[in-house]
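Chemist:
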Amino acid sequence: MSEAPHDVLPDGLVDVLVIGAGPTGLACAIAAQNAGLRVVLVDKGCLTNSLFHYPAHMTFFTTPELLEIGNMPFSSPNQKPTRSEALEYYRKVAEHYRLDIRQYQNVDRIGGSDGDFTVHTTDQFGRQLTHRARKLIVSTGYYDLPNYLGIPGEDLPKVKHYYHEPHPFFAQDVLVIGGKNSAAIAALDLWRHGARVTLVHRGAELHRHIKYWIKPDIENRIKNGEITAHLSSTVGEITEDAVTLLTPGGPKVIPNQFVFALTGYHPDFGFIESLGVRLDKSNARCPICDPATHESNVPGIYLAGVIVAGERTNEIFIENGRFHGDLIAKDLAAKMN
Ligand SMILES: Cc1cc2nc3c(=O)[nH]c(=O)nc-3n(C[C@H](O)[C@H](O)[C@H](O)COP(=O)(O)OP(=O)(O)OC[C@H]3O[C@@H](n4cnc5c(N)ncnc54)[C@H](O)[C@@H]3O)c2cc1C
Numbered sequence: 001m002s003e004a005p006h007d008v009l010p011d012g013l014v015d016v017l018v019i020g021a022g023p024t025g026l027a028c029a030i031a032a033q034n035a036g037l038r039v040v041l042v043d044k045g046c047l048t049n050s051l052f053h054y055p056a057h058m059t060f061f062t063t064p065e066l067l068e069i070g071n072m073p074f075s076s077p078n079q080k081p082t083r084s085e086a087l088e089y090y091r092k093v094a095e096h097y098r099l100d101i102r103q104y105q106n107v108d109r110i111g112g113s114d115g116d117f118t119v120h121t122t123d124q125f126g127r128q129l130t131h132r133a134r135k136l137i138v139s140t141g142y143y144d145l146p147n148y149l150g151i152p153g154e155d156l157p158k159v160k161h162y163y164h165e166p167h168p169f170f171a172q173d174v175l176v177i178g179g180k181n182s183a184a185i186a187a188l189d190l191w192r193h194g195a196r197v198t199l200v201h202r203g204a205e206l207h208r209h210i211k212y213w214i215k216p217d218i219e220n221r222i223k224n225g226e227i228t229a230h231l232s233s234t235v236g237e238i239t240e241d242a243v244t245l246l247t248p249g250g251p252k253v254i255p256n257q258f259v260f261a262l263t264g265y266h267p268d269f270g271f272i273e274s275l276g277v278r279l280d281k282s283n284a285r286c287p288i289c290d291p292a293t294h295e296s297n298v299p300g301i302y303l304a305g306v307i308v309a310g311e312r313t314n315e316i317f318i319e320n321g322r323f324h325g326d327l328i329a330k331d332l333a334a335k336m337n
């Protein structure tokens with residue numbers, strides 16, 4: 001077990017506070033700790049909260065070594081690890097590096113400036129807390145905010161933007177909206193567990209980025225009529241018992257009990273801007289940061305992980321976001337030690 005410098009200065013000031021304990025935030029905290037800095041992480045949910053909320057029986061797209069952080073091997077008997085293996089791996093990493101993680105605290109706002117930031121949080125009981133840090137790393141991901149469709153009925157309780165597991169949808173008419181990996185995987189899983197599945201996608205064909213081992217599976221289910229697909233189609237309205245699809249052949253009303261709108265997610269741009277970080281409106285709302293150090297336009301605030309790519313959430317994954325911590329720690333070490 002390695003030793004971590006967990007002491008906090010008498011005035012409660014730590015060197016670095018990392019907002020978001022996802023894979024990127026953990027990698028950043030480890031790199032900063034290895035540089036001799038005192039680090040605290042804060043997450044609104046549990047450790048790797050986004051991964052925890054992924055489909056219960058999912059398999060990652062990448063091989064285990066590409067998910068590794070902190071030079072700790074991730075071994076799996078599978079070619080591609082499962083969600084529960086990944087959760088266990090990141091728990092072990094957090095334990096090994098004795099990371100100081102304050103779970104179930106939402107970061108609401110930031111005060112102060114470089115050298116002495118105040119981080120205001122609310123815990124699960126609604127209590128207000130504050131932390132002080134010389135530098136901040138923001139790695140808040142994108143999975144908390146779904147891309148809403150803005151259609152009538154989207155606020156009904158039967159409409160879900162996250163897919164967990166198939167059992168509750170046995171023998172139900174389920175509509176899956178979307179044409180990428182998440183929609184294809186959910187449609188297949190639901191169908192394999194006894195749901196009557198309709199897939200609707202605005203494109204003329206399913207997205208070309210669907211993984212090569214998933215694409216033939218979904219295409220064959222559609223070809224065989226096991227999953228009904230409406231391409232070049234959108235959803236006009238959702239009611240308690242039906243959905244109206246706008247298809248090239250005109251509106252179609254079909255019976256429906258549940259809808260999975262799996263149309264992607266986006267970073268909390270409002271939160272990022274509230275820190276004073278500017279967004280590049282001409283470039284997918286990428287937050288302004290120096291690519292060499294990841295320091296934003298606000299001195300002392302660093303950005304890491306998928307948020308760096310703005311709306312292009314398919315550009316930065318665990319695979320590449322895990323290296324942001326090394327760049328940030330190098331800059332922090334040069335400025336703080
Ligand atoms: C189904 C699915 C499968 C995927 N498979 C792969 C794969 O095989 N390989 C791969 O490389 N990538 C994969 N990805 C993408 C990858 O999981 C994400 O890109 C990655 O999690 C981003 O890491 P992150 O640390 O930047 O963000 P996240 O993992 O989203 O972590 C952000 C953290 O910040 C916390 N947070 C947010 N706001 C606040 C706040 N205000 N206060 C406190 N805490 C906050 C969240 O609770 C969360 O824990 C997959 C994604 C999905 C949805």
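The letter at position 78 of the sequence shown is residue 78 when you use UniProt numbering, and the numbering goes up by one with no holes. Glycine residues also receive a C-beta, built at the ideal position from the N, C-alpha and C atoms. Every value quoted in this text rests on a predicted model; they were computed, and no experiment measured them.
1. List the residues that DSSP assigns as beta-bridge partners of F317.
2. Pull the bridge partners of T130 from the DSSP assignment, please.
3. Which value, in whole angstroms, describes the spacing of the CA atoms of G325 and T24?
4. Check the C-beta distance from I328 over to I137 and give it rounded, since I have them as a contact under 8 Å.
5. Which residue wins for smallest C-alpha separation from V197, given the options F260, D280, V14 and Y54?
6. Rounding to the nearest angstrom, what Cα-Cα distance links C286 and A171 in this structure?
7. Return the residue from the list D217, L206 and T263 that minimises the CA-CA distance to R192.
8. Can you tell me whether A284 sits near ligand 1, meaning its C-beta is under 7 Å from at least one heavy atom of the ligand?
9. Would the beta-carbon of A317 be found less than 7 Å away from any heavy atom of ligand 1?
10. Looking at the unbroken alpha helix (DSSP H) that takes in F269, where does it start and where does it end?
11. Is it the case that the CB of P55 approaches a heavy atom of ligand 1 more closely than 7 Å?
12. What residue range is occupied by the uninterrupted alpha helix (DSSP H) comprising residue 338?
13. Quick check on DSSP: helix, strand or coil for Y97?
14. Which residues does DSSP list as the beta-bridge partners of S296?
15. Consult DSSP for M336 and reduce its assignment to one of helix, strand or coil.
16. Any chance the CB of V306 is under 7 Å from a heavy atom of ligand 1?
17. In three-state terms, what does DSSP make of N49?
18. Between the C-alpha atoms of A284 and Y142, what's the straight-line distance to the nearest angstrom?
19. Residues in its own chain within less than 6 Å of M1 by CB, not counting five upstream and five downstream?
20. Please work out which residues of its chain come closer than 8 Å, Cβ to Cβ, to D7, disregarding the five sequence neighbours upstream and downstream, and give them in chain order.
21. Does the Cβ of Y142 lie closer than 7 Å to at least one heavy atom of ligand 1?
22. At a threshold of 7 Å, does S75 count as lining ligand 1 (C-beta to nearest heavy atom)?
23. According to DSSP, simplified to helix, strand and coil, what is A21?
24. Since E237 contacts I151 with CB under 8 Å, what's their CB separation in whole angstroms?
25. Taking DSSP as the reference, what is the three-state secondary structure of V308?
26. Starting from the C-beta of D15, find all residues in its chain whose C-beta is less than 8 Å away, skip the five residues before and the five after it, and write them out in chain order.
27. Got a sec? Which residues, its chain only, sit under 6 Å from M72 by beta carbon, not counting five neighbours each side?
28. Classify Q105 as buried or exposed, calling it buried when 16 or more other Cβ atoms lie within 10 Å of its own Cβ.
29. Hey, would you say the C-beta of S274 is under 7 Å away from at least one heavy atom of ligand 1?
30. Would you check whether ligand 1 has a heavy atom nearer than 7 Å to the C-beta of K44?
31. Can the beta-carbon of D268 be found less than 8 Å from the beta-carbon of D144?
32. Would you kindly check if the distance between the Cβ of L87 and the Cβ of A29 is under 8 Å?
33. Do T122 and ligand 1 come close, with the Cβ less than 7 Å from some heavy atom?
34. Out of Y97, G126 and E95, state which residue places its alpha-carbon closest to the alpha-carbon of D108.
35. Output the boundary residues of the alpha helix (DSSP H) element that contains I218.
36. Does the stretch 315–322 come into contact with the stretch 274–282, if we say contact requires no fewer than three beta-carbon pairs (one atom in each stretch) closer than 8 Å?
Modeler: Inspection of the coordinates gives the following:
1. According to DSSP, F317 bridges with nothing at all.
2. H120
3. 7 Å
4. So it is a contact: roughly 6 Å between Cβ atoms.
5. F260
6. 43 Å
7. D217
8. no
9. Before going further, note that residue 317 is Phe rather than Ala in the sequence given. Yes, since a heavy atom of ligand 1 falls inside the 7 Å radius drawn around the Cβ of F317.
10. F269 to S274
11. yes
12. Here the chain covers residues 1 to 337 and nothing more, so residue 338 does not appear.
13. In the displayed model, Y97 falls within coil according to three-state DSSP, outside both helix and strand.
14. C289
15. helix
16. yes
17. helix
18. Going by the C-alpha atoms only, they are around 14 Å apart.
19. Because the pLDDT of M1 is 39, which lies under 50, any placement of that residue in the model is unreliable, and the number read from its coordinates should be weighed accordingly. No residues qualify anywhere along the chain.
20. Low local confidence applies: a pLDDT of 48 at D7 is under 50, so the model's placement there is unreliable, with the coordinate-based value given in what follows. The residues are R38.
21. Yes, the Cβ of Y142 comes within 7 Å of a heavy atom of ligand 1.
22. no
23. coil
24. 6 Å
25. helix
26. A32, L37, R38, V39, A133, R134, K135, L332 and M336
27. V93
28. buried
29. no
30. yes
31. yes
32. no
33. False, no ligand heavy atom lies under 7 Å from that Cβ.
34. G126
35. Annotation: the continuous alpha helix (DSSP H) that includes I218 extends over K215 to K223.
36. no
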